[in-house]
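*Asks:*
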Amino acid sequence: MKKIIALLLCFTVIFVFAGCDKENESKDIEKTENKQEEIIHIEEESLTESAEDDLNDSENKSSIKIGVQTNTSGHIYASGDFGEGAVVSYENGAVAVEALKKGKVDCVIIDNEPAKSYVAANSGLKILETEYTTEDYAICFNKGDAELKNAVNGALKALIADGSVKKIVDKYINNSGEALNGILVKAVDTDKPDLVMATNAEFPPYEYTDGDKYFGIDIEIAKLIADKLGYDLIIENVEFVSVIPGVQAGQYDIGMAGMTVNEERQKQVDFSDSYTTGVQVVIVSEDSKIQSVEDLDPYYIW
Amino acid sequence: MLDKLVSSVTALADEFQEVMLEGGRFEFLLDGLGNTFIITFGALAIGIVLGIFVAAIRTSYDKNKESLKLRGGIGYVILAVMNTICKFYLTITRGTPVVVQLMISYFIIFSLADNGIPVAIFAFGINSGAYVAEIFRAGIMSVDHGQFEAGRSLGFNYFQTMRFIVIPQMFKAVLPTLCNEFIALLKETSVAGYVGVIDLTKAGNTIAGRTFEYFIPLITVAVIYLVLVMILSWLVGILERRLRKSDR
Chain A
72 MKKIIALLLC
82 FTVIFVFAGC
92 DKENESKDIE
102 KTENKQEEII
112 HIEEESLTES
122 AEDDLNDSEN
132 KSSIKIGVQT
142 NTSGHIYASG
152 DFGEGAVVSY
162 ENGAVAVEAL
172 KKGKVDCVII
182 DNEPAKSYVA
192 ANSGLKILET
202 EYTTEDYAIC
212 FNKGDAELKN
222 AVNGALKALI
232 ADGSVKKIVD
242 KYINNSGEAL
252 NGILVKAVDT
262 DKPDLVMATN
272 AEFPPYEYTD
282 GDKYFGIDIE
292 IAKLIADKLG
302 YDLIIENVEF
312 VSVIPGVQAG
322 QYDIGMAGMT
332 VNEERQKQVD
342 FSDSYTTGVQ
352 VVIVSEDSKI
362 QSVEDLDPYY
372 IW
Chain B
49 MLDKLVSSVT
59 ALADEFQEVM
69 LEGGRFEFLL
79 DGLGNTFIIT
89 FGALAIGIVL
99 GIFVAAIRTS
109 YDKNKESLKL
119 RGGIGYVILA
129 VMNTICKFYL
139 TITRGTPVVV
149 QLMISYFIIF
159 SLADNGIPVA
169 IFAFGINSGA
179 YVAEIFRAGI
189 MSVDHGQFEA
199 GRSLGFNYFQ
209 TMRFIVIPQM
219 FKAVLPTLCN
229 EFIALLKETS
239 VAGYVGVIDL
249 TKAGNTIAGR
259 TFEYFIPLIT
269 VAVIYLVLVM
279 ILSWLVGILE
289 RRLRKSDR
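Just so you know, the protein sequences line up as chains A and B, in that order.
Numbering of the first sequence is given in our numbering, commencing with residue 72 and proceeding in unit increments.
Numbering of the second sequence is given in our numbering, commencing with residue 49 and proceeding in unit increments.
1) Is DSSP giving K197 (chain A) helix, strand or coil here?
2) Using the three-state DSSP reduction, which class does V355 (chain A) fall into: helix, strand or coil?
3) Does chain B have any CB closer than 7 Å to the CB of N142 (chain A)?
4) Report yes if the C-beta distance between A91 (chain B) and G164 (chain B) is below 7 Å; otherwise report no.
5) Taking just the CA atoms, how far does E75 (chain B) sit from I111 (chain A)?
6) Chain A beta carbons: is any one of them nearer than 7 Å to that of D162 (chain B)?
7) Would you report the Cα separation of E261 (chain B) and A226 (chain A), rounded to the nearest angstrom?
8) In the structure shown, what three-state DSSP assignment does E70 (chain B) receive?
9) Check for me: the alpha helix (DSSP H) holding N221 (chain A) runs from which residue to which?
10) Pick helix, strand or coil for N163 (chain A), following the three-state DSSP scheme.
11) So, does the CB of V318 (chain A) fall closer than 7 Å to a CB anywhere in chain B?
12) Starting from K242 (chain A), follow the alpha helix (DSSP H) in both directions and report where the run begins and ends.
13) Is the beta carbon of V312 (chain A) closer than 7 Å to that of G326 (chain A)?
14) With H, G and I counted as helix, E and B as strand and the rest as coil, what does DSSP make of M210 (chain B)?
15) For chain B, is any of its Cβ atoms less than 7 Å away from the one on V158 (chain A)?
16) What are the residues in the stretch 114-129 of chain B lying within 9 Å of chain A by C-beta distance?
17) Below 8 Å between beta carbons is the criterion; list the residues of the stretch 161-180 of chain A that meet it against any residue of chain B, in chain order.
18) Does the Cβ of R119 (chain B) have 16 or more other Cβ atoms within 10 Å, making it buried, or fewer, making it exposed?
19) Can you check which of these residues, A:I147, A:T143, A:E155, A:T141, is closest to E135 (chain A) by C-alpha distance?
20) With H, G and I counted as helix, E and B as strand and the rest as coil, what does DSSP make of V168 (chain A)?
21) Which one of B:M218, B:E63, B:A171, B:I183 has the shortest CA to CA distance from L374 (chain B)?
22) Can you tell which of A:R336, A:K228, A:I254 has its C-alpha closest to the C-alpha of Y279 (chain A)?
23) Please return the same chain residues whose Cβ sits closer than 8 Å to the Cβ of A198 (chain B), not counting the five positions on each side in sequence.
24) Quick test of the definition: if touching needs 3 or more C-beta pairs under 8 Å, does the stretch 129-141 of chain B touch the stretch 50-64 of chain B?
25) Consult DSSP for L304 (chain A) and reduce its assignment to one of helix, strand or coil.
26) Since E335 (chain A) meets chain D, which of its residues come closer than 8 Å, beta carbon to beta carbon?
27) Using only alpha-carbon positions, find the residue among B:G80, B:T107, B:L116, B:L78 that is nearest to F196 (chain B).
28) Would you call the CB atoms of A170 (chain A) and V158 (chain A) closer than 7 Å?
29) When burial is assigned at 16 or more other CB atoms within 10 Å of the CB, is K93 (chain A) buried or exposed?
30) Which of helix, strand or coil does DSSP assign to D192 (chain B)?
31) Give the DSSP-derived three-state secondary structure of M49 (chain B) in the structure shown.
32) Please determine, among B:D295, B:G241, B:I286, B:I267, the residue with the shortest C-alpha to C-alpha distance to V67 (chain B).
As structure tokens, this is what we get:
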């Protein structure tokens with residue numbers, strides 16, 4: 072008998088959990104203003120509560136939680152500036168933005184262009200006006216492959232000079248209206264030699280998939296370079312963290328994934344000249360207590 | 049030959065020093081290890097409790113449904129309903145990947161929680177519970193029905209028979225499989241990084257991302273997991289030998 076009562080209790084608990092879930096969902100669906108306000112109110116409450124908790128727990132840690140994508144330059148900068156304890160890293164930018172929407176982090180530090188796409192796709196988010204930092208994007212090579220590096224640098228120089236690179240950047244970032252040239256995911260084999268490029272096609276507008284094609288600034292620039300040098304471009308879509316090790320191991324000829332040049336990376340791989348500049352920005356929810364980059368941390372020195 | 053070996057070993061040691069020990073990176077890895085422990089043991093506790101409940105319901109239904117059906121009444125209905133719920137839980141939990149369950153827990157069920165660790169404990173606990181339940185059920189079913197009948201004819205009621213005759217024998221039978229499940233759970237927690245938790249794998253990955261040196265962090269993480277699993281199997285081995293003492 073006791074067992075049955077215990078079991079009934081157990082299932083009541085489970086049903087209560089299930090109930091919570093439904094309530095949340097219905098709240099999300101019913102977009103009446105009252106409900107929205109209520110949610111915001113609850114989120115604010117939990118935010119301030121957790122912030123207070125953090126302050127009580129540890130004096131040194133920042134009270135702000137910053138979402139980033141694992142091992143991107145945003146992750147490296149943020150944990151350098153605010154400490155590991157303040158940074159929550161996610162597998163990709165979309166997950167980090169989802170966490171921001173749910174109030175799990177207070178802001179997301181990410182590259183400008185994907186940030187724009189995320190903000191456009193999610194209402195209630197905005198990008199802070201001041202940028203967090205700027206950086207150069209470049210193609211990476213195996214240290215032993217100086218020949219390829221020089222060839223690519225040459226091609227890149229010509230493409231920058233004749234305005235092709237700018238044209239590509241314009242059509243993805245400024246919507247210049249020109250048609251996008253995708254590359255089929257399933258590569259067509261020709262008799263030209265292969266140029267294997269590692270990328271992480273989850274980083275619009277630099278690289279992403281749409282239907283059966285890869286699109287993006289990096290993809291189109293790589294295609295132009297490959298055409299110029301007489302290669303067949305083969306794209307390998309891998310995790311961002313696998314790009315550098317793969318290039319180092321000689322699995323891929325080049326790595327091109329919106330990759331920032333920095334000292335640590337230069338120890339591992341060689342970089343081409345920069346083909347575009349990336350900007351790291353901060354995404355926050357519209358009603359956030361963070362309204363400028365300076366709000367991120369009172370102790371942060373610019 | 050020997051010189052070469054010595055020099056390559058010292059080079060590796062230097063690299064280890066540079067990659068793992070500088071800038072408190074090893075402490076970072078230990079923090080990750082701590083989180084892996086917390087998640088594994090928390091999930092283990094939830095899993096075992098949940099597993100016992102589910103296995104108890106499923107086996108009592110299987111063993112008693114005929115007699116209860118004959119007797120009629122509310123008891124049979126309750127048991128049948130609970131059995132269906134348990135089956136549903138098992139199907140859902142075993143039929144979906146643990147990463148997906150983890151993400152659902154983090155973003156939908158506990159969408160207001162800002163700390164990933166309790167969510168990970170919950171998700172892995174629920175997941176592990178399903179497997180543990182089936183392990184326990186197999187154990188209970190494997191005990192000869194004669195044992196059960198003997199208990200009943202000695203005057204024990206159903207619960208006493210279970211408690212004193214069946215469960216002790218079951219425990220010995222399921223121990224190796226249970227140990228297997230614990231090992232699998234320990235290694236499964238390596239996906240906790242998906243919900244922003246710094247566990248052992250994520251810590252190694254972060255160090256690799258920071259230093260762009262993949263060999264040493266990954267090997268270190270692998271060795272730590274291996275040592276943990278070896279310690280775990282050793283402890284279970286001791287327990288198994290102790291339990292076998294009464295065998296004749």
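For every residue, glycine included, the Cβ atom is placed at its ideal position computed from N, Cα and C.
None of these values were measured; they are calculated from a predicted model.
*Replies:* Taking the geometry as given:
1) Note: K197 (chain A) maps to strand in three-state DSSP.
2) Correct three-state label for V355 (chain A): strand.
3) Yes, because at least one Cβ of chain B sits closer than 7 Å to the Cβ of N142 (chain A).
4) The answer is no: Cβ separation not under 7 Å.
5) Because the pLDDT at I111 (chain A) is just 43, under 50, the model does not fix this residue reliably, and the value given afterwards should be weighed accordingly. Answer to the nearest angstrom: the Cα atoms are 38 Å apart.
6) True, the Cβ-Cβ gap to chain A drops below 7 Å.
7) Approximately 30 Å between the Cα atoms of the pair.
8) Helix at E70 (chain B).
9) Start and end: 217-232.
10) When secondary structure is reduced to three states using DSSP, N163 (chain A) falls in the coil class, being assigned neither helix nor strand.
11) No, because no Cβ of chain B sits closer than 7 Å to the Cβ of V318 (chain A).
12) 235-244 is the extent of the alpha helix (DSSP H) around K242 (chain A).
13) V312 (chain A) is positioned such that its CB atom lies no closer than 7 Å to that of G326 (chain A).
14) M210 (chain B): helix per DSSP, three-state reduction.
15) It does not: the Cβ of V158 (chain A) has no partner Cβ on chain B nearer than 7 Å.
16) Considering only beta carbons, the part of the stretch 114-129 of chain B lying closer than 9 Å to chain A consists of G123, I126, L127, in chain order.
17) Answer in chain order: Y161, E162, V166, E169, A170, K173, G174, K175, V176.
18) Taking every protein chain shown into account, the CB of R119 (chain B) has fewer than 16 other CB atoms within 10 angstroms, so this residue is exposed.
19) It should be pointed out that residue 135 (chain A) corresponds to Ile in this sequence rather than to Glu. Looking at the Cα atoms, A:E155 is the closest of the given residues.
20) In the structure shown, V168 (chain A) sits in a helix (DSSP, three-state: H, G or I).
21) Missing from the structure shown is residue 374 (chain B); chain B here goes from 49 to 296 and no further.
22) In terms of CA proximity to Y279 (chain A), A:I254 leads the group A:R336, A:K228, A:I254.
23) Within the same chain, and ignoring the five residues on either side of A198 (chain B) in sequence, the residues whose Cβ sits closer than 8 Å to its Cβ are I213.
24) Contact between the stretch 129-141 of chain B and the stretch 50-64 of chain B is absent, with fewer than three C-beta pairs closer than 8 Å.
25) When secondary structure is reduced to three states using DSSP, L304 (chain A) falls in the strand class.
26) No chain D is part of this structure, whose protein chains are labelled A and B.
27) The candidate whose alpha carbon is nearest that of F196 (chain B) is B:T107.
28) In this structure, A170 (chain A) sits away from V158 (chain A), with a CB-CB distance that is not shorter than 7 Å.
29) Here K93 (chain A) scores only 39 on pLDDT, less than 50, and its place in the model should not be relied on; the value that follows carries that caveat. Per the 10 Å Cβ criterion, exposed.
30) Assignment of D192 (chain B) by DSSP, reduced to helix, strand and coil, places it in the coil class.
31) Residue state, collapsed to three classes: coil.
32) For V67 (chain B), the nearest C-alpha among the options comes from B:I267.
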